[in-house]
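A.B. asks: Using this note's numbering, read the sequence shown as starting at 5 and increasing by one per residue.
Glycine included, C-beta positions come from ideal geometry on N, C-alpha and C.
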Amino acid sequence: MSLVKFKNFYFRYKGNEEYALNNINLNIEKNKFILLAGETGSGKTTLLRCMNGLIPQFYSGHYRGKVEIKGNDSTQVNIADLSTIVGIVFQNPENQLVSMNVEHEIAFGMENLGFPRDKIRKKIEEVVQLTGIESIMDKAPFEISGGEQQRVAIASILALEPELLILDEPTANLDPLFAQNIINLLSSIQKKTNITIIISEHRMDLVVPIVDEIILMEKSRVVAQDKRDNIVNSDIFNKLHINKPIIYSIFKKLQTRNYYQGDIPISIPEALKILKNK
Ligand SMILES: Nc1ncnc2c1ncn2[C@@H]1O[C@H](COP(=O)(O)OP(=O)(O)O)[C@@H](O)[C@H]1O
Ligand SMILES: [Mg+2]
5 MSLVKFKNFY FRYKGNEEYA LNNINLNIEK NKFILLAGET GSGKTTLLRC MNGLIPQFYS
65 GHYRGKVEIK GNDSTQVNIA DLSTIVGIVF QNPENQLVSM NVEHEIAFGM ENLGFPRDKI
125 RKKIEEVVQL TGIESIMDKA PFEISGGEQQ RVAIASILAL EPELLILDEP TANLDPLFAQ
185 NIINLLSSIQ KKTNITIIIS EHRMDLVVPI VDEIILMEKS RVVAQDKRDN IVNSDIFNKL
245 HINKPIIYSI FKKLQTRNYY QGDIPISIPE ALKILKNK
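1) Would you kindly check if the distance between the Cβ of Tyr63 and the Cβ of Tyr14 is under 8 Å?
2) So, Ala105 versus Ala41, is the Cβ gap smaller than 8 Å?
3) Does the distance from the CB of Ile199 to the CB of Leu169 come in under 8 Å?
4) One question on the structure: do Ala159 and Ile137 come within less than 8 Å of each other, judged by their Cβ atoms?
5) Is it buried or exposed for Arg125, if we count other Cβ within 10 angstroms and need 16 for buried?
6) Any idea which residues DSSP pairs Ile92 with across the strands?
7) Three or more beta-carbon pairs under 8 Å between the stretch 112-128 and the stretch 145-155, yes or no?
8) Would the beta-carbon of Gln47 be found less than 7 Å away from any heavy atom of ligand 1?
9) Mind pulling the alpha helix (DSSP H) runs of 4 or more residues that sit fully within the stretch 180-228?
10) Going along the chain, which residues of its own chain have a beta-carbon closer than 8 Å to the beta-carbon of Tyr23, five neighbours each way excluded?
11) Using three-state DSSP, classify Asn76 as helix, strand or coil.
12) Kindly list the residues whose CB is nearer than 7 Å to the CB of Tyr264, restricted to its own chain and excluding five residues on each side of it in sequence; keep chain order.
13) Relative to the C-alpha of Glu217, which candidate in Asn234, Met208, Gln80 has its C-alpha closest?
14) May I ask whether a heavy atom of ligand 1 can be found less than 7 Å away from the beta carbon of Ala176?
15) With respect to 7 Å, is the separation between the Cβ of Glu205 and the closest non-hydrogen atom of ligand 3 below this value?
16) Do the CB positions of Lys34 and Glu167 come within less than 8 Å of each other?
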C-alpha cells in the first residue's frame, strides 16, 4: 500500500482564482528518500500540506479529487491522528519549538498523544542519539543555533514514529556547513529507520546524490516522478528553471557539445571516475 496517494486532486486557496494544485496524481511509497523540486510558487509547499491533511482541513479553499493517507481519505481522519503517520518540519523551526528546554520539547508531542512515561523516556534517548543532540538537552530552544533547532524539530517529530517525514526547505536559513550536516543526518536517519523522507530543497548539490526518487513540479502540476537517475537524465529536468547540481551543469555542457555521451553523474566521485576513464 502507498503511504500517500493523490487521485486527480485539485486545490485552490480561498480568494485565489488559480489552482495551486492542478490534477495531481502521485504515489508516495514506503522506505524511500524523495526530493521535491520546482520553481518558487510551483506548489511544493501546498503539495506537502496535503500529505498530513492540513489541506483541506486547515487551509480553506476549494478542492476536487482525493488524497489518501495509508488508504484513508485525508478529509476523514483527525489531523492529530495523522501526526503519528506523517510528520512535517517547516523552514523556520523556531516557530515549531514551544518548550522551556530541548528535552521537554521532544517529550511534548508524545505527552500530547498520551504515550506512557517509560516509552517517552526510551524514545527520547533513541531520537537524541539519532539526531546527535546529546549535549544540548538542557538548553532552551532560543539558546541554540539554527542548525541545532532544526535537529530538535526533527527529533521531536521522529519521536512520534511517523512513517513519512516531510521537510519543507529545512536548510533555507542555515549556512552551507549546517545545511550539509542536516542533509547527511537525514540520509543516515532514512537508512537506519526505513521511513520515507520527502524533502523540498534548493541545494541540489547536497540532495541529488542521496535521494532515490525525484518529483518535479511546474506551475501547479507534477510534471515528473521517477527514480533519481531517470529524472536527472531527462529533458524535462534539463528544461526546468531550477538550480542544478554543478556536476550536472558541467556534464550537460559537455554532452551538448558532443564531448560526452554517457549518463550524467550525480556526485563528484562518480564524475571523477568517468573523467579518469576518458
Ligand atoms: N496560505 C496561502 N494562501 C493563499 N495562497 C497561497 C498560500 N500558500 C501558497 N499560496 C499560493 O499557492 C501557489 C503555490 O505556492 P507554494 O505551494 O507556496 O509554492 P512553492 O512552495 O513551490 O514555492 C502560489 O501562487 C502561492 O502564492
Ligand atoms: Mg514552499
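C.D. replies: Quick look at the numbers:
1) No, these two residues do not count as a Cβ contact at 8 Å.
2) Checking the sequence shown, residue 105 turns out to be Asn, not Ala. Contact check for Asn105 against Ala41 fails: the beta carbons are separated by 8 Å or more.
3) When the beta-carbon positions are compared, Ile199 and Leu169 come within less than 8 Å of each other.
4) A distance below 8 Å separates the beta carbons of Ala159 and Ile137.
5) The residue is exposed, with fewer than 16 neighbouring Cβ atoms inside 10 Å.
6) For Ile92, which the question treats as bridged, DSSP gives the partners Ile170.
7) Note that the stretch 112-128 does not touch the stretch 145-155; fewer than 3 beta-carbon pairs, one per stretch, sit closer than 8 Å.
8) One point to set straight first is that residue 47 is Gly, not Gln, in the sequence displayed. It does: the Cβ of Gly47 is within 7 Å (strictly closer) of some heavy atom of ligand 1.
9) Complete alpha helix (DSSP H) runs here, min 4: 180-197, 208-211.
10) Once the five neighbours on either side are set aside, the close Cβ partners of Tyr23 are Tyr14, Phe15, Arg16, Ser224.
11) Three-state result, Asn76: strand.
12) Cβ neighbours of Tyr264 within its own chain (closer than 7 Å, five residues either side excluded): Phe255, Leu258.
13) Nearest option by C-alpha distance: Asn234.
14) Within the chosen limit of 7 Å, ligand 1 does not reach the beta carbon of Ala176 with any heavy atom.
15) As far as ligands go, the structure on display features ligand 1 and ligand 2 and does not contain ligand 3.
16) Yes, these two residues count as a Cβ contact at 8 Å.
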